[in-house]
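Visitor: What follows is a single structure, and I will ask about it in a moment.
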Amino acid sequence: MRVLKYAILGLLNRHPMTGYDIGKEFNYELAEFWHAKHSQIYTELKKLHKEELVTFDIEISGDILEKKQYSITDKGREDLIYWLHKDELIGKTAKDVFRVRMYFCNFLDLDARIGLLESQKMQQTKRMNTLMKTAEQYPEVPLADSDRFGDYIILEGAIMRQKSIIAWLDKCIGYCQKAQEEKKA
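Using the working numbering, you'd call the opening residue of the sequence shown number 1 and step up by one each time.
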């Protein structure tokens, strides 16, 4: 399944955009749950145009700089809406190097484990602070039929995930500290 296809169609269903603008959305709004490189985005835009799901207008900026402003077609909107109605089975867990490392942490001494866990907690807390700063733009829940509603609920889920990860790291640090105390006793 080409999820990137539907992410791009969803963005274009909101309003026309250039490939560069779509890339910025992937680095900001969509970054909590999907990522794509500029090369992937432009390749997908070519496919979408060939499939008649998007069109583009060329805008001239300055003397020679061309920008393609992409828009979704009616066929593209129908395809997007059809895809949005599908229910998905839960996907495989994303690869996580840190968790693999922790799976085998019994090969490390307790100080090394605690160091890795505290470093991870610091990184996760920094990410949490960034998410909380982003959430400040929402003094209240956006209207359910607005473009901002989807961003809000994904952001809320990301904040909940971060809180859970930090709580898990705190527990792991506690387990290791308790083991250190027991060794000393």
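Beta carbons are placed, not taken as given, at the ideal position from N, Cα and C, and that holds for glycine.
Bear in mind the structure is a predicted one, so any value in this text is a computation, not a measurement.
Any Cβ of chain D within less than 8 Å of the Cβ of residue 21?
Guide: Of the protein chains in this structure there is only one, and it is not chain D.
Visitor: Quick test of the definition: if touching needs 3 or more C-beta pairs under 8 Å, does the stretch 35-51 touch the stretch 113-129?
Guide: Segments in contact, no.
Visitor: Assuming residue 71 and residue 55 make a contact with CB atoms under 8 Å, what is their CB distance in whole Å?
Guide: About 5 Å; that satisfies the 8 Å criterion.
Visitor: Just to check my reading of the structure: residue 19 and residue 75 have Cβ atoms closer than 8 Å, yes? What is that Cβ distance to the nearest angstrom?
Guide: The Cβ separation is near 20 Å, so there is no contact.
Visitor: Determine the closest residue to residue 127 out of 98, 158 and 108, with distance taken between C-alpha atoms.
Guide: Per the Cα distances, 158.
Visitor: Tell me, please, which residues DSSP counts as bridged to residue 187.
Guide: Here the chain covers residues 1 to 185 and nothing more, so residue 187 does not appear.
Visitor: Considering only their Cβ atoms, is the gap separating residue 166 from residue 124 smaller than 8 Å?
Guide: Yes, the pair counts as a contact, with Cβ atoms nearer than the cut-off.
Visitor: Are the Cβ atoms of residue 14 and residue 151 separated by less than 8 Å?
Guide: Contact: no.
Visitor: Using a Cβ-Cβ cut-off of 7 Å (strictly less than) and excluding sequence neighbours within five positions of residue 169, which residues of its own chain qualify?
Guide: If we look at residue 169 and ignore the five residues flanking it on each side, its Cβ neighbours are 117, 120, 121 and 124.
Visitor: Pick helix, strand or coil for residue 98, following the three-state DSSP scheme.
Guide: Three-state result, residue 98: helix.
Visitor: Sort 11, 66 and 40 by Cα distance to residue 30 and report the nearest one.
Guide: For the residues 11, 66 and 40, the minimum Cα distance to residue 30 belongs to 11.
Visitor: Classify residue 2 as buried or exposed, calling it buried when 16 or more other Cβ atoms lie within 10 Å of its own Cβ.
Guide: It is exposed - the Cβ of residue 2 has fewer than 16 other Cβ atoms within 10 Å.
Visitor: So what's residue 146 in DSSP terms, helix, strand or just coil?
Guide: DSSP places residue 146 in coil when its eight states are reduced to three.
Visitor: Skipping 5 residues on each side, what residues in its chain have a beta carbon closer than 8 Å to that of residue 139?
Guide: So no residue of the chain qualifies.
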